[in-house]
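These protein sequence lines are chains A and B, in that order.
Its first residue numbered 0, the first sequence is counted upward by one per residue in numbering that gives the first Met the number 0.
Its first residue numbered 0, the second sequence is counted upward by one per residue in numbering that gives the first Met the number 0.
Note that the Cβ used here is the ideal one computed from N, Cα and C, for glycine as well.
From a predicted model like this one, the values you see are computed outputs, not experimental measurements.
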Amino acid sequence: MSLKLTTRQVGDVTVVDAAGRITLGEGSSAFRDTIKELVNKGQKKILVNLGEVTYIDSSGIGELVSGYTTVSNAGGQLKLLNLTKRVHDLLQITKLYTVFEVFDDEAKALASF
Amino acid sequence: MPNAESTPEILYDQYLESTLASVDASEEAAKSVAERLGYDEEETYHIGYAVREAVVNAVVHGNLYSANKRVRLRMERSGGSLEVIVEDEGQGFEESQQADPLARENLLSQSGRGLLIIRAFMDELRIGRTEAGGTRLWMRKSLPAPR
Numbered sequence: 000m001s002l003k004l005t006t007r008q009v010g011d012v013t014v015v016d017a018a019g020r021i022t023l024g025e026g027s028s029a030f031r032d033t034i035k036e037l038v039n040k041g042q043k044k045i046l047v048n049l050g051e052v053t054y055i056d057s058s059g060i061g062e063l064v065s066g067y068t069t070v071s072n073a074g075g076q077l078k079l080l081n082l083t084k085r086v087h088d089l090l091q092i093t094k095l096y097t098v099f100e101v102f103d104d105e106a107k108a109l110a111s112f
Numbered sequence: 000m001p002n003a004e005s006t007p008e009i010l011y012d013q014y015l016e017s018t019l020a021s022v023d024a025s026e027e028a029a030k031s032v033a034e035r036l037g038y039d040e041e042e043t044y045h046i047g048y049a050v051r052e053a054v055v056n057a058v059v060h061g062n063l064y065s066a067n068k069r070v071r072l073r074m075e076r077s078g079g080s081l082e083v084i085v086e087d088e089g090q091g092f093e094e095s096q097q098a099d100p101l102a103r104e105n106l107l108s109q110s111g112r113g114l115l116i117i118r119a120f121m122d123e124l125r126i127g128r129t130e131a132g133g134t135r136l137w138m139r140k141s142l143p144a145p146r
């Protein structure tokens, strides 16, 4: 299954619902393009919902980091929601848990911005 | 490297084109081999992930997507382990020159985490050179205990 990205606006936060695989190639470039497009539109509060993401390779992890940096450099915040155990484990292995703010409750995530 | 005391059983040995399609195919092949050897779902995911990352390195960084260069993927049962070899036809790779992806100053790097994850998912990883000067990545994971 390739990556499907859907965006929705909740107040002043843009939620990006991701489903499928974020891997080298189409998946990671689609994610990158979506984040850049949001930043270019002036969106500075972005919540990426990874609840339906079944697989992220190291390239996909790199895109999450790149997205975080892009949004931060624009003066905004990118946070993560609903990590699966596998994605959670990858963030632990790569120490990116120390970088990302991670939530398992959407309401709490939205209120944190 | 391979256990000299036992005769390895070759489970897969293919030369792959330097394409993203080969990356997907290598992951599927590795998962298929792992399932056949009796690894559980999580271990099978780890093996597929490690092989995918190794082949990505070979295709992208070793062979630079060259249509004239191939990636060799070999999997065998040797002793009590699954051993995997991934070879490319690039210029070789010195791990000592790679930045530590866990260093604070590198945490926001976009790349450089593949080997770290392979090490976490497999029992052993060694990086060397092929006779032609490309990179040879060897990794091992103990076979699952009989159920």
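Neighbour list for residue i in chain C, Cβ cutoff strictly below 8 Å
i	result
Ser-65 (chain A)	Of the protein chains in the structure, A and B, none is chain C.
Residues that DSSP places opposite residue i in a beta bridge
i	result
Pro-13 (chain B)	The sequence shown places Gln at residue 13 (chain B), rather than the Pro named in the question. For Gln-13 (chain B), which the question treats as bridged, DSSP gives the partners B:Leu-72.
Lys-3 (chain A)	A:Ala-18
Val-9 (chain A)	A:Val-12
Ser-77 (chain B)	B:Ser-80
Ile-45 (chain A)	A:Thr-13, A:Leu-77
DSSP-derived helix/strand/coil call for residue i
i	result
Lys-107 (chain A)	helix
Phe-30 (chain A)	helix
Phe-102 (chain A)	strand
Gly-111 (chain B)	coil
Glu-51 (chain A)	strand
Tyr-44 (chain B)	helix
Asn-2 (chain B)	Caution applies to Asn-2 (chain B), whose pLDDT of 49 falls short of 50 and renders its modelled position unreliable; the value that the coordinates give is listed next. Note: Asn-2 (chain B) maps to coil in three-state DSSP.
Lys-78 (chain A)	strand
Ser-65 (chain B)	coil
Glu-52 (chain B)	helix
Glu-154 (chain B)	What is shown of chain B runs 0 to 146, which leaves residue 154 (chain B) out entirely.
Arg-35 (chain A)	Residue identity check: residue 35 (chain A) is Lys in the sequence provided, not Arg. If DSSP states are grouped into helix, strand and coil, Lys-35 (chain A) belongs with the helices.
Glu-8 (chain B)	strand
Leu-95 (chain A)	helix
Ala-144 (chain B)	coil
Gln-97 (chain B)	coil
Boundaries (first-last residue) of the alpha helix (DSSP H) holding residue i
i	result
Ser-21 (chain B)	19–35
Ser-58 (chain A)	57–72
Gln-91 (chain A)	84–92
Residue i: first and last residue of the uninterrupted beta strand (DSSP E) it sits in
i	result
Gly-127 (chain B)	123–128
Thr-134 (chain B)	134–141
Leu-81 (chain B)	80–86
Report task. Give the residues from the region 95–106 of chain A that approach chain B closer than 9 Å (Cβ to any Cβ), ordered along the chain. Result -> Leu-95, Thr-97, Val-98
Query raised in the report: Is there contact here, the region 10–17 of chain B with the region 19–28 of chain A, by at least three beta-carbon pairs under 8 Å?
Result: no
Query raised in the report: Listed from N- to C-terminal order along the chain, which residues in the region 113–142 of chain B have their beta-carbon within a distance smaller than 8 Å of any beta-carbon of chain A?
Result: Gly-113, Leu-115, Ile-116, Ala-119
Requested in this report: Report the residues of the region 33–64 of chain B with a CB closer than 8 Å to any CB of chain A, ordered along the chain.
Outcome: Tyr-44, Tyr-48, Arg-51, Glu-52, Val-55, Val-59
Query raised in the report: Do the region 93–104 of chain A and the region 53–62 of chain B touch if we need at least three Cβ pairs shorter than 8 Å?
Result: no
Query raised in the report: Going along the chain, which residues of the region 12–28 of chain B sit with their C-beta nearer than 8 Å to a C-beta in chain A?
Result: Leu-19, Val-22
Query - At least 3 beta-carbon pairs within less than 8 Å: the region 94–104 of chain B vs the region 30–49 of chain B - result: no
Report task. Residues of the region 30–62 of chain A with a CB closer than 9 Å to any CB of chain B: list them in chain order, please. Result -> Tyr-54, Asp-56, Ser-57, Ser-58, Ile-60, Gly-61, Glu-62
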